[in-house]
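Asker: Structure provided below as structure tokens; questions to follow.
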Amino acid sequence: MRVAALTADHHFEVVTVDDPTPGPDELVVAVGACGICGSDLKSYSALPAGSVLGHEFCGEVVAAGTRARETWREGQFVAAMPVRACGRCRWCLADEPAHCERADLLGVGGAAGAFAELVRVDANLAVALPTSVGDVGAAVEPLAVGLHAAVTAGIRPGDRVLVLGGGSVGTAVTVWARRLGAVEVVVSDPAAPRRDGAAAFGATGTHDPADGAPPTGFDVVVECVGAPNLIQTALDAAAVHGRVVVAGVCMKPDPILPLTALLKELEVRFAVYYRRGEFRAAAALVASGQLDPDALRATAVGLDGLDAAFARLLSGDAGRKVVVRPSASPA
Numbered sequence: 077m078r079v080a081a082l083t084a085d086h087h088f089e090v091v092t093v094d095d096p097t098p099g100p101d102e103l104v105v106a107v108g109a110c111g112i113c114g115s116d117l118k119s120y121s122a123l124p125a126g127s128v129l130g131h132e133f134c135g136e137v138v139a140a141g142t143r144a145r146e147t148w149r150e151g152q153f154v155a156a157m158p159v160r161a162c163g164r165c166r167w168c169l170a171d172e173p174a175h176c177e178r179a180d181l182l183g184v185g186g187a188a189g190a191f192a193e194l195v196r197v198d199a200n201l202a203v204a205l206p207t208s209v210g211d212v213g214a215a216v217e218p219l220a221v222g223l224h225a226a227v228t229a230g231i232r233p234g235d236r237v238l239v240l241g242g243g244s245v246g247t248a249v250t251v252w253a254r255r256l257g258a259v260e261v262v263v264s265d266p267a268a269p270r271r272d273g274a275a276a277f278g279a280t281g282t283h284d285p286a287d288g289a290p291p292t293g294f295d296v297v298v299e300c301v302g303a304p305n306l307i308q309t310a311l312d313a314a315a316v317h318g319r320v321v322v323a324g325v326c327m328k329p330d331p332i333l334p335l336t337a338l339l340k341e342l343e344v345r346f347a348v349y350y351r352r353g354e355f356r357a358a359a360a361l362v363a364s365g366q367l368d369p370d371a372l373r374a375t376a377v378g379l380d381g382l383d384a385a386f387a388r389l390l391s392g393d394a395g396r397k398v399v400v401r402p403s404a405s406p407a
């Protein structure tokens, strides 16, 4: 199969490697689409040569292990959690396989991810989707991230919510915040296309950071960017007794003024990954067809287009989501 592997100088090289073989409880999925995540953009330069990224994916089952065949058949369209877990440790038994004590995380420098024609996944962590959803199936994973952040924040009917960042995770938080009953959801993002598109996902208002600090007095603030100084921005924007959730992946030190949180008696939590039930809920939402397919439509590239796509995204281009279609013919 063809994969896009990282090189020592942090580029992507399309190479041919052996096809994966499923273990007894595993599936091999022919990747239909795999999203480029903001965390990919932040982490890829620190990953070892040979790494295969990609963790937001959907595709068709092409092989199933001996036990997996009892549940799955070739030809089924699926999304899958990007982790292979033991299924027996305390975290797996608590429905949190991403925190498995022996987790094999896909696409983050260890196990090969889905910037590849084929990917090997845990059959127990796959979810069937209608074939008709197409590339939108790759939105299941970021929707699950957003749901976990919204649940962690305890969003409830009547809440006023501020979302810092209008990318995939911020969009997902917006979707779930409205579904959980928030009466106001304001999305703050410097990119006009993201602000303009926020209403399609339920935002009631937007804010441009270039205009200054966001409004204040929010019951919930969810930080979805992962850049220094934004945790403090979240603390400043929260109301007394507000809840702040940090879901952005920040890879640099980020000093805050604890007094801000102290005087408001804020609840501050961090959220990463999602529970298996949350992944299934995200898949059910995608399968329902209730999300606007036009708003979710992504720009597609082949494996050979990854270098150019990363360069464009890193330059600040905040247009449509970019997905990789590994089966696309080389340019």
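The opening position of the sequence shown corresponds to residue 77 in the numbering used here, with each subsequent residue numbered one higher. Here a beta-carbon is modelled for each residue, glycine too, at the ideal position from N, C-alpha and C. Keep in mind the model is a prediction, meaning the values are calculated, not measured.
(1) Just curious, the beta strand (DSSP E) that Ser-264 is in, first and last residue?
(2) Can you find the residues in the same chain that come closer than 6 Å, C-beta to C-beta, to Met-157, ignoring five residues on each side of it along the sequence?
(3) On the premise that Gly-183 lies in contact with Gly-130, defined as a C-beta separation below 8 Å, what is that separation, rounded to the nearest angstrom?
(4) Looking at the strands, I want to know which residues DSSP matches up with Gly-111.
(5) Have a look at Leu-219 and Asp-383 and give me their C-alpha separation to the nearest angstrom.
(6) Secondary structure at His-224, three-state DSSP: helix, strand or coil?
(7) Where Gly-392 and Gly-353 are concerned, what is the direct C-alpha to C-alpha distance, given to the nearest angstrom?
(8) Where do the N-terminal and C-terminal ends of the beta strand (DSSP E) with Leu-367 fall, by residue?
(9) Can you give the Cα-Cα distance for Val-400 and Ala-109, rounded to whole angstroms?
(10) Taking the C-alpha atoms as reference points, what is the distance between Gly-378 and Arg-78?
(11) Count the C-beta pairs between the stretch 84-98 and the stretch 189-197 that are closer than 8 Å, then say yes if the count reaches three, no if not.
(12) Short of 7 Å in beta carbon distance, which residues of its chain neighbour Cys-300, apart from the five on each side in sequence? Order them along the chain.
(13) Roughly how many angstroms lie between the CA atoms of Thr-280 and Val-262, to the nearest whole one?
(14) What does the alpha-carbon distance come out to for the pair Trp-167 and Asp-287?
(15) What residue from Val-154, Pro-290, Leu-123 and Ala-125 has the CA that sits closest to Val-104's CA?
(16) Please report the residue range of the beta strand (DSSP E) in which Ala-253 lies.
(17) Going along the chain, which residues of its own chain have a beta-carbon closer than 7 Å to the beta-carbon of Thr-207, five neighbours each way excluded?
(18) Can you tell me the Cα-Cα spacing of Ala-187 and Val-128, whole angstroms?
(19) Given Asp-171, which residues of its chain have a CB within under 7 Å of its CB, disregarding the five upstream and five downstream residues?
(20) Please report the straight-line C-alpha distance between Ala-204 and Arg-196, rounded to a whole angstrom.
(21) What are the boundary residues of the alpha helix (DSSP H) that includes Ala-268?
(22) Between the C-alpha atoms of Ala-289 and Lys-340, what's the straight-line distance to the nearest angstrom?
(23) In the structure shown, what three-state DSSP assignment does Gly-281 receive?
(24) State the DSSP-derived secondary structure class of Asp-295, mapped to helix, strand or coil.
(25) Should Leu-223 go down as buried or exposed, given a rule of 16 or more other Cβ atoms within 10 Å for buried?
(26) So, is Val-398 buried or exposed, given that buried needs 16 or more other C-beta atoms within 10 angstroms?
(27) If you draw a straight line from the alpha carbon of Ala-140 to that of Gly-163, how long is it in whole angstroms?
(28) Sorted by chain position, which residues of the same chain lie with C-beta nearer than 7 Å to Pro-98's C-beta, five sequence neighbours on each side aside?
(29) Between which two residues does the alpha helix (DSSP H) harbouring Arg-388 extend?
(30) For Phe-191, which residues does DSSP report across the bridge?
(31) How many Å lie between Ala-58 and Glu-217 at the Cα?
(32) Could you give the residue range of the beta strand (DSSP E) that holds Ala-81?
Answerer: Inspection of the coordinates gives the following:
(1) Here residue 264 is taken as the residue at index 188 of the sequence shown, counted from 1. First-last of the beta strand (DSSP E) with Ser-264: 260-264.
(2) Mapped onto the sequence shown, residue 157 falls at position 81. Same-chain partners within the cutoff: Leu-201 and Phe-355.
(3) In the sequence shown, the residue the question calls residue 130 occupies position 54. In the sequence shown, the residue the question calls residue 183 occupies position 107. Gly-130 to Gly-183, Cβ: 5 Å. Contact.
(4) Numbered from 1 along the sequence shown, position 35 holds the residue referred to as residue 111. Its beta-bridge partners are Glu-132 and Val-399.
(5) Here residue 219 is taken as the residue at index 143 of the sequence shown, counted from 1. Here residue 383 is taken as the residue at index 307 of the sequence shown, counted from 1. Distance between the alpha carbons of Leu-219 and Asp-383: 25 Å.
(6) Within the sequence shown, residue 224 is the residue found at index 148, counting from 1. His-224 falls in the helix class under three-state DSSP.
(7) In the sequence shown, counting from the first residue as 1, residue 392 sits at position 316. In the sequence shown, counting from the first residue as 1, residue 353 sits at position 277. Computed Cα separation, rounded: 34 Å.
(8) Translated into positions along the sequence shown, residue 367 becomes position 291. Here Leu-367 belongs to no beta strand (DSSP E), and DSSP marks it neither H nor E.
(9) Residue mapping note: residue 400 aligns to position 324 of the sequence shown, counting from 1. Residue mapping note: residue 109 aligns to position 33 of the sequence shown, counting from 1. If I take the Cα positions, the gap works out to 5 Å.
(10) Reading the sequence shown from its first residue, position 302 is the one you call residue 378. Reading the sequence shown from its first residue, position 2 is the one you call residue 78. Taking the straight line from one Cα to the other gives about 11 Å.
(11) yes
(12) As a first step, residue 300 must be located in the sequence shown, where it is residue number 224. Excluding positions up to five away in sequence, the list reads Val-239, Leu-240, Gly-241, Gly-243, Val-245, Gly-246, Val-249, Ala-323 and Gly-324.
(13) Here residue 280 is taken as the residue at index 204 of the sequence shown, counted from 1. Here residue 262 is taken as the residue at index 186 of the sequence shown, counted from 1. Whole-angstrom Cα-Cα distance: 6 Å.
(14) The count along the sequence shown starts at 1 and reaches residue 167 at position 91. The count along the sequence shown starts at 1 and reaches residue 287 at position 211. Their backbone Cα atoms lie some 43 Å apart in a straight line.
(15) Against the sequence shown, residue 104 aligns to sequence position 28. Ranking the options by Cα distance to Val-104, first place goes to Val-154.
(16) The sequence position of residue 253 within the sequence shown is 177, counting from 1. Segment 244-255 is the alpha helix (DSSP H) holding Ala-253; no beta strand (DSSP E) there.
(17) Position 131 of the sequence shown, counted from the start, is the residue given in the question as residue 207. If we look at Thr-207 and ignore the five residues flanking it on each side, its Cβ neighbours are Phe-153.
(18) Locating residue 187 in the sequence shown gives position 111, counting from the first residue. Locating residue 128 in the sequence shown gives position 52, counting from the first residue. Approximately 8 Å, taken between the alpha carbons.
(19) By one-based count along the sequence shown, residue 171 stands at place 95. Correct list, in chain order: Arg-351, Arg-352 and Gly-353.
(20) Within the sequence shown, numbered from 1, the residue matching residue 204 stands at position 128. Within the sequence shown, numbered from 1, the residue matching residue 196 stands at position 120. Cα to Cα, the separation comes out at about 16 Å.
(21) Here the question's residue 268 lines up with position 192 in the sequence shown. First-last of the alpha helix (DSSP H) with Ala-268: 268-273.
(22) The residue labelled residue 289 in the question sits at position 213 within the sequence shown. The residue labelled residue 340 in the question sits at position 264 within the sequence shown. Roughly 18 Å between the two C-alpha positions.
(23) Here residue 281 corresponds to residue number 205 of the sequence shown, with the count starting at 1. Strand at Gly-281.
(24) Along the sequence shown, one-based indexing puts residue 295 at 219. Strand, per DSSP.
(25) What you label residue 223 is simply residue 147 of the sequence shown in a count that begins at 1. Result: buried.
(26) Within the sequence shown, residue 398 is the residue found at index 322, counting from 1. Buried, by the Cβ-count rule.
(27) In the sequence shown, residue 140 corresponds to position 64, counting from 1. In the sequence shown, residue 163 corresponds to position 87, counting from 1. Taking the straight line from one Cα to the other gives about 18 Å.
(28) In the sequence shown, the residue the question calls residue 98 occupies position 22. Cβ neighbours of Pro-98 beyond the five flanking positions: Val-104, Ala-139, Ala-140, Gly-141, Ala-144 and Arg-196.
(29) Along the sequence shown, one-based indexing puts residue 388 at 312. Looking at the DSSP string, the run of the alpha helix (DSSP H) that includes Arg-388 is 382-390.
(30) As a working mapping, residue 191 is identified with position 115 in the sequence shown. According to DSSP, which records beta bridges pairwise, Phe-191 is partnered with nothing at all.
(31) Residue 58 is absent from the structure shown; the chain starts at 77 and stops at 407.
(32) Translated into the one-based positions of the sequence shown, residue 81 becomes position 5. It spans 78-82 - the beta strand (DSSP E) in which Ala-81 sits, taken as one unbroken run.
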